[in-house]
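Participant:
Protein chains in written order, with my numbering: chain R, 1 to 341; chain V, 1001 to 1450.
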């Protein structure tokens, strides 16, 4: 039986823009470390393999206008968890690839090898960066280049570059440090990185299918297989609680309608979701669930959905201390600068 | 009894974790990992046990080089400061968390938000050590590329801070909607529109003020323009004037005068020089310990590298424990590499080195140690506490940013032996009285919030 990997999106109070109205806390509590850690621990205790943290530099069109940066949230959650993967959205259009590579590599060090990076696909606000807008095909170019630079920078340190050779007085082995000399269409990066190679070799790259070459995990919105990557199906999820899922959704929609996300949507019972996920187990490598309201749907997932999948051996709980790569069954990449002859 | 200028002054300690130079000993058996999270957790928790104000991470945006190659003699490789501090915020309760961040190779929308994120996650414990870069060598790692003229770097830094403060002030204090009709009051968030010589930006802030209002601004400039920048913007100055009393006092007095000129109260800035503290039970043991530390810091290879920067050519392969090189030095153009700076006249430096080496009968390595920076303070816990109490009550310093020479145990002596002696003399807190970094440092509200 193939194992279905279970990811969950933890941004804000849930996937619905009015989710905050059903949350068990006030708006101010969302913007705290306490809440950030609590949600990550709940996802880990439920048995999810991976938590993702959506982000953008400017507030969304609907929903809470307050948001802590995703890298900072994931880093705060790192020492509060020990098994779940942590993957922030990091933008690529106007950001400095050198900084973002440092950030996600550092998250991998702080989480002892549990970092992922969700490559942002959404348009970013050029005006906030003071830059001419990048549009159309150029968006994909920036995403592709940023991933290429980051991977080069991850490899710019050999795993054992800190040799501490007392006899010669050398802390570093120069032979294991590499200038990346990346040259793209719009910029170049010299390297090496200022952060040593991440524990996983490369941070796990998660991207919408087709956005960048060879992601580790491709996100899709209909069941399919993407060659060379693990394929995760995106799913919106609203579950029955004391109140039926339809009624819960209708109540939130009365305030703000849930815009079409392009993702298949399950609105109904936990048993129905278990059934659907069981079918999907043969068709995709994993799912990323977007719960309607974290405070309401996460407990249902934790109590009724994941236990049933574990029981049926459709999914497994990640082991404490395991790297995200090992949980996902991904190899630790060889270093591109260290060719074995 | 002496009448002190500041009889009630309290000493503040921060930790400056540099992570890229020869002052961190890596050859010692007790030297741990420079990158494992466990090392950082151990160090920050020790500092918090010692009631330190802040844990402070350095940053350099290009791996150091000498002679056109990666410099391989010193510790190197460190985490991104804000990311690491956000993780450390989760394993600490009170200590301040300060990130060194560059205004030349960042943009305010992004950096102000990341710092605000650290500030709210830590309930008001964030600080920002503002640094600038003026060389294209660092720019080679960035999309932005290039560099700023030496003079323009402070212009950009000042404008950067103005925009960052506007972003931090973008949310009304009463941003929450009282009737629950919306997540926030519709008019609670004010966009930041800035058009200056360095920026043309339109930013919508995503975070309210933290418990301390804004992150605390640290700065380390030492030139006249650097000191003026500090007097205009900074709340803590991380100076290099912390080894000699007269030098420290002159620096602190100079800053106090500049603060008045800038229209701020003379006590609006904490002066926390960088230092190294070596402690032993007797003065003799302390001196011997310091000597042993210096020899581990300035290895033969490191001595040759430092001398090579003065002479302007590669001295690798020479005998560091032998005499000084007999050749005359050559001028080298500054590039951005380590040691590449605007030397006055290398011939006069070499002449001074030769004079000292000859009169004191020193080897090259001993000369490098003897004439190297006087890094700090060596003594017994009681002796150091007596000295520091005098310094802080006289207004020479407000405290120190300590750079431990060992990772991660380098603070243990200070916390276990020196802090109790300081507490006994009434110049060091016996418990945190506040929760924010601003409160620990006894600072006023942010400059835009008075």
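Where a beta carbon is used, it is the ideal one built from N, C-alpha and C, also for glycine.
The model shown is predicted, which means the values in this text are computed figures rather than measured ones.
Quick one: what does DSSP say residue 1037 (chain V) is sitting in, helix, strand or coil?
Facilitator: helix
Participant: Is it buried or exposed, residue 1210 (chain V), if we count other Cβ atoms within 10 angstroms and call 16 or more buried?
Facilitator: buried
Participant: So residue 170 (chain R) is in the beta strand (DSSP E); what residue range does that whole segment cover?
Facilitator: From DSSP, the beta strand (DSSP E) with residue 170 (chain R) extends over 170-172.
Participant: Out of R:27, R:335, R:328, R:248, state which residue places its alpha-carbon closest to the alpha-carbon of residue 84 (chain R).
Facilitator: Relative to the Cα of residue 84 (chain R), the nearest Cα in the group R:27, R:335, R:328, R:248 belongs to R:328.
Participant: Residue 239 (chain R): which of R:231, R:106, R:248 sits nearest, CA to CA?
Facilitator: R:248
Participant: Using beta carbons (cut-off 8 Å, strictly below), is residue 206 (chain R) in contact with chain V?
Facilitator: no
Participant: Tell me whether residue 24 (chain R) is buried or exposed, calling it buried when 16 or more other Cβ atoms sit within 10 Å of its Cβ.
Facilitator: exposed
Participant: Using alpha carbons as the reference points, say which of V:1302, V:1154, V:1260 lies closest to residue 1223 (chain V).
Facilitator: Looking at the Cα atoms, V:1154 is the closest of the given residues.
Participant: Specify the secondary structure class of residue 1153 (chain V) as computed by DSSP and reduced to three states.
Facilitator: helix
Participant: At a Cβ cut of 7 Å, what residues of the region 263-285 of chain R count as close to chain V, listed as they run along the chain?
Facilitator: none
Participant: List in chain order: all unbroken alpha helix (DSSP H) runs of 4+ residues lying wholly within the region 94-153 of chain R.
Facilitator: 97-110, 126-129
Participant: Which stretch, first to last residue, makes up the beta strand (DSSP E) that contains residue 208 (chain R)?
Facilitator: For residue 208 (chain R), the enclosing beta strand (DSSP E) starts and ends at 204-208.
Participant: Quick one: Cα of residue 1244 (chain V) to Cα of residue 180 (chain R), how far?
Facilitator: So the alpha carbons of these two residues sit roughly 44 Å apart.
Participant: How many whole angstroms separate the CB atoms of residue 1125 (chain V) and residue 1089 (chain V), which I take to be in contact at a CB cut-off of 8 Å?
Facilitator: 7 Å
Participant: Tell me, please, whether the CB atom of residue 200 (chain R) is closer than 8 Å to any CB atom in chain V?
Facilitator: For residue 200 (chain R), not one C-beta of chain V is nearer than 8 Å to its own C-beta.
Participant: Smallest Cα separation from residue 1265 (chain V): which of V:1139, V:1257, V:1328?
Facilitator: V:1257
Participant: Report the CB separation of residue 160 (chain R) from residue 231 (chain R) in whole angstroms; it is logged as a contact under 8 Å.
Facilitator: Contact flag wrong, Cβ pair sits at about 34 Å.
Participant: I'd like to know if the region 1152-1166 of chain V and the region 36-47 of chain R are in contact, where contact means that at least 3 CB-CB pairs between them fall below 8 Å.
Facilitator: no
Participant: Spell out whether any CB of chain V is found under 8 Å from the CB atom of residue 53 (chain R).
Facilitator: No - not a single Cβ of chain V is within 8 Å of the one on residue 53 (chain R).
Participant: Who are the neighbours of residue 1135 (chain V) on chain R, taking C-beta pairs under 7 Å?
Facilitator: Identification of chain R residues near residue 1135 (chain V) by a Cβ-Cβ cut-off of 7 Å yields none; the smallest Cβ-Cβ distance measures about 13 Å.
Participant: Go ahead and pull the three-state DSSP assignment for residue 326 (chain R).
Facilitator: helix
Participant: Can you tell me whether residue 286 (chain R) is helix, strand or coil according to DSSP?
Facilitator: strand
Participant: Measure from the C-beta of residue 43 (chain R) to each C-beta in chain V and report whether the shortest distance is under 8 Å.
Facilitator: Judged by the 8 Å Cβ criterion, residue 43 (chain R) is not in contact with chain V.
Participant: Could you work out which residue in V:1225, V:1238, V:1246 is closest to residue 1262 (chain V) when comparing CA atoms only?
Facilitator: V:1225
Participant: Which term fits residue 142 (chain R), buried or exposed, when burial requires 16 or more other beta carbons within 10 angstroms of its beta carbon?
Facilitator: Residue 142 (chain R) is buried by the Cβ-count criterion.
Participant: Using beta-carbon positions only, say whether residue 1534 (chain V) and residue 1272 (chain V) come within less than 8 Å of one another.
Facilitator: Here chain V has residues from 1001 to 1450 only, and residue 1534 (chain V) is not among them.
Participant: Anything in the region 1100-1116 of chain V with a Cβ closer than 7 Å to a Cβ of chain R? List those residues in chain order, please.
Facilitator: Shown in chain order are the members of the region 1100-1116 of chain V whose Cβ falls below 7 Å from a Cβ of chain R: 1105, 1107, 1109, 1110, 1113, 1114.
Participant: Within the region 48-78 of chain R, note down every full beta strand (DSSP E) run reaching 3 residues or more, in order along the chain.
Facilitator: 50-53
Participant: Scan the region 1057-1074 of chain V for residues whose Cβ lies nearer than 9 Å to a Cβ of chain R and list them as they occur along the chain.
Facilitator: When CB distances to chain R are screened at a threshold of 9 Å, the residues of the region 1057-1074 of chain V falling below it are 1059, 1060, 1061, 1062, 1063, 1069, 1070, 1071, 1072, 1073, 1074, in chain order.
Participant: Below 8 Å on the Cβ atoms is my contact criterion, and I expect residue 1130 (chain V) with residue 1157 (chain V) to pass it. Report the Cβ-Cβ distance as a whole number of Å.
Facilitator: 6 Å
Participant: Which full runs of the alpha helix (DSSP H) of 4+ residues lie inside the region 193-258 of chain R, going along the chain?
Facilitator: Those alpha helix (DSSP H) runs which fall completely within the region 193-258 of chain R and span 4+ residues are 245-255.
Participant: State the start and end residues of the unbroken alpha helix (DSSP H) segment that holds residue 44 (chain R).
Facilitator: If you look at residue 44 (chain R), you'll find it in the alpha helix (DSSP H) that goes 33-46.
Participant: Return the residues of the region 1173-1206 of chain V that lie within a Cβ-Cβ distance of less than 7 Å from chain R, sorted by chain order.
Facilitator: 1176, 1183, 1184, 1189, 1199, 1200, 1201, 1202, 1203, 1204, 1206
Participant: Does residue 327 (chain R) get closer than 8 Å to chain V when you measure Cβ to Cβ?
Facilitator: no
Participant: Please list the partners that residue 96 (chain R) has in chain V, where partner means a Cβ-to-Cβ separation under 9 Å.
Facilitator: 1105, 1106, 1107, 1110, 1141, 1142, 1143, 1144
Participant: What is the residue span of the beta strand (DSSP E) that residue 1016 (chain V) lies within?
Facilitator: 1012-1017
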